[in-house]
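Here's the structure we're looking at; comments come further down.
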Amino acid sequence: MKSAEEIIEKLRSSFHAPSRKDEKLKVVIFCIVISTTFWFFSALNKTDYTTQIQYPVKFEYDEENYVPVVELPNRIPVEVTGGGWDLMTRSFGFGMEPIVVNLTDPTASKYQLTSQLRGDISANMTDINLNYILTDTLFYNIQRRIKRRIPIAFDSISIIVDEAHEITSPITLEPEFIDLEGPENLVNAFSDPFIVYPGSDSFDEDVDEQFEIPSLGSSLVQANITEVRAKFEVTEFVEFDEIIRVQLINSPDSTLTFSPTGIRVFYSKREDDLDARSDTTELSLIADLNLVDPTDSTVMVKIDLQAPFIHNVRVTTSRVKINYE
5 MKSAEEIIEK
15 LRSSFHAPSR
25 KDEKLKVVIF
35 CIVISTTFWF
45 FSALNKTDYT
55 TQIQYPVKFE
65 YDEENYVPVV
75 ELPNRIPVEV
85 TGGGWDLMTR
95 SFGFGMEPIV
105 VNLTDPTASK
115 YQLTSQLRGD
125 ISANMTDINL
135 NYILTDTLFY
145 NIQRRIKRRI
155 PIAFDSISII
165 VDEAHEITSP
175 ITLEPEFIDL
185 EGPENLVNAF
195 SDPFIVYPGS
205 DSFDEDVDEQ
215 FEIPSLGSSL
225 VQANITEVRA
235 KFEVTEFVEF
245 DEIIRVQLIN
255 SPDSTLTFSP
265 TGIRVFYSKR
275 EDDLDARSDT
285 TELSLIADLN
295 LVDPTDSTVM
305 VKIDLQAPFI
315 HNVRVTTSRV
325 KINYE
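Position one of the sequence shown corresponds to residue 5 (the working numbering), numbered consecutively onward.
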């Protein structure tokens, strides 16, 4: 093996010997690396360095009955003084046992004073000196883990049906309840009932489908189901309109006249009831003279004898005027 003097002499002579530029560049780089390495190891041997490191901390609590709402702090910034080797190993996380903070009742407080941890941190770093703890408080938010059962409701107002179609049955849901589990404040924030939405599809026939439950807003809240089955009937209706004569009742004088004598009425029938007929007139319009308004001589028109298969009855005018002259 060549001696150090021979290596140095070889490097010196290489600068004077004819060579290519890239060979000289390699030698320069090699010299820089050697010098930097010697300086680095020499610096690590000093004992009066001051720097900042992150000391690990661990919160211990009953994880079965409590859950953190936000990520718990796991480091405490501290300023320390010591030797280069010792500080380097601490900077990489070696030789530092986490300080354990035991929380018997995690909901009793939302912070931990770091001054109460100084003794434990110093005891775990005997080869370096703890100068300062750079934060005075560690904040946390841990809540009770609860379970809650909430009845489910389907947002019927948001259901879209095709034109001339209507929902003609109650909406049934399976299951009827949802079970939520998670942090107390988050779980209790859900409305009662728990609303499931129908989406943007339009329906023109009976519905028996699975609908997804809406987002729970946080991965900390868990549900026992992801879908709800909804069932309801959708029926097509056919529109009709006709002019129906108004019948005047309780009139002391058969010669009394009124206007209008006929009113246009709009109504609808289910498609499967188009052939149905009642035993009497399907629709009658009645004006009771006993209910006349003396201020303007008008009477409210009432719809009478409406057949069970007739729906959505609408009239173009709701009053008639009595002519006493």
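Quick reminder that beta carbons are idealized off the backbone N, C-alpha and C, glycines included.
Rounded to the nearest whole angstrom, the CA to CA distance from S272 to A311 is 11 Å. Around the beta carbon of Q116, a 10 Å sphere encloses 16 or more other beta carbons of the protein chains shown; the residue is thus reported as buried. Ranked by Cα distance from L142, the first of I57, T55, K62, S301 is K62. A straight line joining the alpha-carbon of G266 with that of K325 spans about 12 Å.
In the structure shown, the three-state DSSP call for A291 is strand. A straight-line Cα-Cα distance of about 14 Å links S222 and Q147. Taking every protein chain shown into account, the CB of A234 has 16 or more other CB atoms within 10 angstroms, so this residue is buried.
In the structure shown, the three-state DSSP call for D308 is strand. By the CB criterion at 8 Å, T118 and I132 fall outside the cutoff.
Collapsing the DSSP output to three states places I161 in a helix. With contacts defined by Cβ atoms closer than 8 Å, A157 and E243 do not form a contacting pair. The distance from the Cβ of L177 to that of V232 is about 6 Å, consistent with a contact at the 8 Å cut-off.
I80 is classed as buried because its beta carbon has at least 16 other beta carbons within 10 Å across all chains shown. By the neighbour-count criterion, in which a residue is buried when 16 or more other Cβ atoms sit within 10 angstroms of its Cβ, M129 is buried. Looking at the DSSP output, V269 bridges to E246, V319. One Cα belongs to L252, the other to Y328, and the distance between them is close to 14 Å.
Rounded to the nearest whole angstrom, the CA to CA distance from D276 to I175 is 21 Å.
Counting only residues of its own chain and dropping the five nearest sequence neighbours on each side, R249 has a CB closer than 8 Å to the CB of T265, G266, L289. Distance from V238 to V200 at the Cβ level is roughly 18 Å; contact not present, criterion being Cβ atoms closer than 8 Å.
Non-local beta-carbon contacts of T139 in its own chain, meaning distances under 8 Å to residues more than five positions away in sequence, involve I80, P81, T118 in chain order.
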